Amino acid sequence: MPLTFFNTYSRRKEEFKPLEPGHVRMYTCGPTVYAPAHIGNFRAYMFEDLLRRYLLYKGYKVTQVMNLTDIDDKTIRDSKARGIPLREHTKPFKEAFFRDLERLNIQRAEYYPAATEHIPEMVSLVKKLLDSGHAYKSSDAIYFKIKSFPKYGALSHMKLDELKDGARVNSDEYEKDTASDFALWKFWTPDDGDVFWETELGKGRPGWHIECSAMSMKYLGESFDIHTGGIDNMFPHHENEIAQSEAATGKPFSKYWLHCEHLMVEGKKMAKSEGNYFTVQDLVDKGENLSAVRYLLLSTYYRQQLNFTFDGLIAAKNAITRLRDFRDAIESGVGTETNPEIESIAKKAAEKFETALDDDLNISPALAAVYDFVREANAAREKNGLSIADAEILKQTLKRFDSVLGVIYVKEQALDSDIEKLIELRQAARKSKNFAESDRIRDQLLAMGIILEDTPQGVRWKRKL
RNA sequence: GGCGGCUUAGCCAAGGGGUAAGGCGGAGGUCUGCAAAACCUCUAUUCUCCGGUUCGAAUCCGGAAGCCGCCUCCA
């Protein structure tokens with residue numbers, strides 16, 4: 001089965017064929033750096049990470065661009081309120097974003113362009129639109145003329161005359177021809193403070209949409225393969241990107257559009273007023289395990305709303321523990337006598353895993369394949385043991401799965417020397433059959449987050465998640 | 001008002017005309033020092049409700065209820 005994606009543009013699943021064979025160029029909508037990103041934002045970045053990792057798994061070369069929106073009403077408002085330059089204001093949020101990506105084991109994209117670094121590219125794009133009659137200058141801004149782009153609405157499947165005027169912006173405030181025209185370049189007003197660029201377009205700043213068009217085309221070319229984002233970005237943001245990009249170049253913009261659904265927390269829309277609004281740091285402060293957070297965000301099909309709950313986090317922790325126990329159990333084999341079932345178990349699991357993800361990154365059946373693999377391999381191992389070669393097959397298969405999942409083979413902290421000492425003490429107590437003492441030490445270690453496992457090969461330890 | 005999505009076990013979650021994947025939890029068992037940990041086995045006659053189509057419906061059609069989005073700078 002070929003790799004297929006549900007393309008928002010066509011509203012159907014389509015076989016994925018990159019413009020350049022073997023090389024995928026994709027633009028993944030990134031954060032607006034006015035506050036630490038919340039777990040809802042990270043659901044989207046996690047979906048983008050899954051997409052990236054699976055493309056790499058399939059052997060594609062991937063060029064991924066993720067923008068950092070550092071010019072918008074909120075960053076300007078807040079930096080002005082703090083009386084510091086825009087860049088200084090957004091810097092810590094950018095740093096926090098990268099720290100969170102790392103903590104959630106989200107792979108780095110190839111490029112993270114910031115809007116402030118790409119003003120010339122945006123200016124030249126706007127000029128092109130002005131020259132070709134797709135944009136016009138008004139007293140407060142340069143606007144894109146939607147009527148000049150007949151395909152407008154093709155992505156979101158909304159017709160212009162169906163749009164309700166003034167849901168959020170009072171259209172009378174702006175001097176534009178049509179309420180739905182959007183700003184490409186906003187002229188400076190006192191509210192902008194010292195945030196402005198003196199350009200051929202006049203003193204001002206870019207609109208939101210133009211940044212993504214300019215930056216995606218700079219790094220990926222005028223036409224590229226995949227554009228992703230949260231479902232809320234579909235309209236108007238992505239619709240506007242298509243309009244301004246295709247109007248400027250006359251070429252198709254992105255070939256595939258993938259949108260991920262929103263995240264709910266404890267069954268409710270995440271909102272500060274509900275008290276269910278969490279950043280990654282909030283979860284760390286609550287003592288939550290970030291592998292479990294990663295698993296929870298990853299384990300629901302991206303086009304399905306995901307309900308983030310603390311019960312779900314416990315279930316995720318236990319599920320990961322099972323996977324890591326298996327990882328440890330197959331670490332080494334013995335001898336050369338091959339277990340006849342191992343190869344076919346591994347092969348079948350890999351096929352199921354790929355068939356699932358090939359189908360629009362449907363992660364649930366892919367996870368089912370992983371757990372079937374674990375169960376069947378465990379049963380075969382208990383029955384006939386593992387040779388060195390068998391263990392290697394299982395390990396390679398599990399590692400390959402984890403190249404997509406990113407929750408099994410993770411760096412773990414080494415043991416402190418005092419914990420090692422306690423483990424030795426317990427072993428001594430067990431040897432002398434002083435079980436009361438050995439159990440006491442085991443409980444003590446458990447309280448410190450260390451779980452001991454007595455096996456025929458000796459004692460093993462692991463951290464409680 | 002317009003457009004879109006969802007409702008499957010105690011919880012999470014696949015499937016989408018041929019008789020309900022997987023995870024967590026729970027129950028039994030193996031191992032063990034009586035334990036812990038691990039592993040194995042079992043765990044939905046039924047898919048929000050009401051009609052219809054069909055030999056056959058969780059799946060298709062019609063209707064109802066509930067929940068969640070988008071409709072001009074939210075992932």
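Letter 3 of the first sequence, counting from 1, is numbered 3 in my numbering, and no numbers are missing.
Every residue gets a Cβ at the ideal spot worked out from N, C-alpha and C, and that includes glycine.
Please read these numbers as outputs of a predicted model, since none were measured by experiment.
Beta carbon of residue i nearer than 7 Å to that of residue j
i, j, result
"threonine 4", "aspartate 360", "yes"
"tyrosine 27", "histidine 227", "yes"
"alanine 96", "proline 36", "yes"
"histidine 23", "lysine 61", "yes"
"alanine 429", "serine 417", "no"
"glycine 333", "serine 291", "no"
"lysine 218", "glutamate 121", "yes"
"tyrosine 34", "leucine 68", "no"
"leucine 19", "aspartate 225", "yes"
"arginine 53", "valine 404", "yes"
"alanine 248", "histidine 118", "no"
"glycine 187", "aspartate 131", "The identity of residue 187 in the sequence shown is phenylalanine, whereas the question assumes glycine. Not a contact, by the Cβ cut-off of 7 Å."
"aspartate 181", "phenylalanine 144", "yes"
"phenylalanine 6", "lysine 17", "no"
Per-residue burial, residue i [other beta carbons within 10 Å of its own, 16 or more giving buried]
i, result
"glutamine 64", "buried"
"alanine 447", "exposed"
"glutamate 288", "buried"
"isoleucine 146", "buried"
"aspartate 454", "exposed"
"histidine 38", "buried"
"arginine 442", "buried"
"methionine 1", "exposed"
"histidine 238", "buried"
"glycine 166", "Residue confidence is low: glycine 166 scores 37 on pLDDT, short of 50, so the model does not pin down where it sits. Its coordinate-derived value is still stated next. It counts as exposed."
"aspartate 191", "exposed"
"glutamate 48", "buried"
"histidine 157", "exposed"
"alanine 44", "buried"
"threonine 189", "exposed"
"arginine 11", "exposed"
"glycine 133", "exposed"
"isoleucine 84", "exposed"
"serine 364", "exposed"
"asparagine 318", "exposed"
"glycine 449", "exposed"
"tryptophan 461", "exposed"
"aspartate 172", "Unreliable positioning characterises aspartate 172 in this predicted model, as indicated by a pLDDT of 43, which lies under 50. A coordinate reading is not provided."
Selection from the options that minimises the alpha carbon distance to residue i
i, options, result
"alanine 243", "Asp372, Ala135 and Met1", "Ala135"
"lysine 286", "Phe310, Glu266, Lys272 and Pro150", "Phe310"
"tryptophan 197", "Asn434, Phe353 and Val123", "Val123"
"leucine 543", "Arg375, Ser299 and Gln305", "Here the chain has residues from 1 to 465 only, and residue 543 is not among them."
"glutamate 343", "Val293, Gly267, Thr397 and Ile119", "Thr397"
"cysteine 29", "Cys212, Pro92 and Gly202", "Cys212"
"lysine 395", "Lys421, Ala349, Trp188 and Leu357", "Ala349"
"threonine 338", "Thr178, Ala329 and Gly385", "Gly385"
"aspartate 207", "Thr199, Asp225, Ser223 and Trp185", "In the sequence as presented, aspartate is not what sits at residue 207; that position holds glycine. That would be Trp185, whose Cα lies nearest to the Cα of glycine 207."
"serine 254", "Gly230, Gly221 and His262", "Gly221"
"valine 370", "Val459, Phe42, Glu354 and Arg11", "Glu354"
"glutamate 466", "Arg463, Val293, Gln304 and Ala389", "Outside the shown range of the chain, which is 1 to 465, sits residue 466, and nothing can be said about it."
"glutamine 305", "Glu117, Lys268, Lys127 and Val280", "Lys268"
"leucine 452", "Ile419, Ala436 and Phe235", "Ile419"
"arginine 294", "Val407, Pro150, Lys433 and Asn362", "Val407"
"glutamate 341", "Arg327, Asp328 and Ala389", "Ala389"
"aspartate 402", "Gln457, Lys431 and Arg327", "Arg327"
"asparagine 240", "Arg426, Ile210 and Leu104", "Ile210"
"leucine 55", "Asp72, Glu274 and Pro21", "Pro21"
"arginine 205", "Ser223, Met215 and Ala183", "Ala183"
"phenylalanine 98", "Trp257, Ala141 and Ala109", "Ala109"
"tyrosine 302", "Leu130, Ser273 and Ile231", "Ile231"
"glutamine 457", "Phe42, Cys260, Ala391 and Ala329", "Ala329"
"threonine 178", "Leu201, Ile142, Ala154 and Glu200", "Ile142"
Residue i beta carbon near the ligand ADP (any heavy atom closer than 6 Å)
i, result
"aspartate 359", "The ligand ADP is not part of this structure, which contains no ligands at all."
Beta-carbon separation (whole angstroms), residue i vs residue j, contact threshold 8 Å
i, j, result
"threonine 321", "leucine 415", "About 18 Å separates the two Cβ atoms, so there is no contact after all."
"alanine 346", "isoleucine 393", "5 Å"
"leucine 296", "alanine 316", "4 Å"
"leucine 86", "valine 265", "About 31 Å; that fails the 8 Å criterion."
"isoleucine 423", "valine 459", "7 Å"
"valine 280", "aspartate 100", "4 Å"
Inside the segment 241 to 298 only - alpha helix (DSSP H) runs reaching at least 4 residues: Scanning the segment 241 to 298 for uninterrupted alpha helix (DSSP H) segments of 4 residues or longer gives 280 to 285 and 290 to 298, listed from N- to C-terminal end.
Runs of beta strand (DSSP E) lying entirely within the segment 46 to 74, each at least 3 residues, in chain order: For the segment 46 to 74, whole beta strand (DSSP E) runs of length 3 or above, ordered along the chain, are 61 to 66.
Beta strand (DSSP E) runs wholly inside the segment 285 to 359, at least 3 long, in chain order: For the segment 285 to 359, whole beta strand (DSSP E) runs of length 3 or above, ordered along the chain, are 306 to 308.
Contained beta strand (DSSP E) runs [length at least 3] in the segment 15 to 51, N- to C-terminal order: Runs of the beta strand (DSSP E) inside the segment 15 to 51: 23 to 28.
Secondary structure, beta strand (DSSP E): runs of 3+ residues fully inside the segment 81 to 105: Unbroken beta strand (DSSP E) runs of no fewer than 3 residues, entirely contained in the segment 81 to 105, are not found.
Uninterrupted alpha helix (DSSP H) stretches inside the segment 400 to 448 (no shorter than 4 residues): Correct list: 417 to 431 and 435 to 447.
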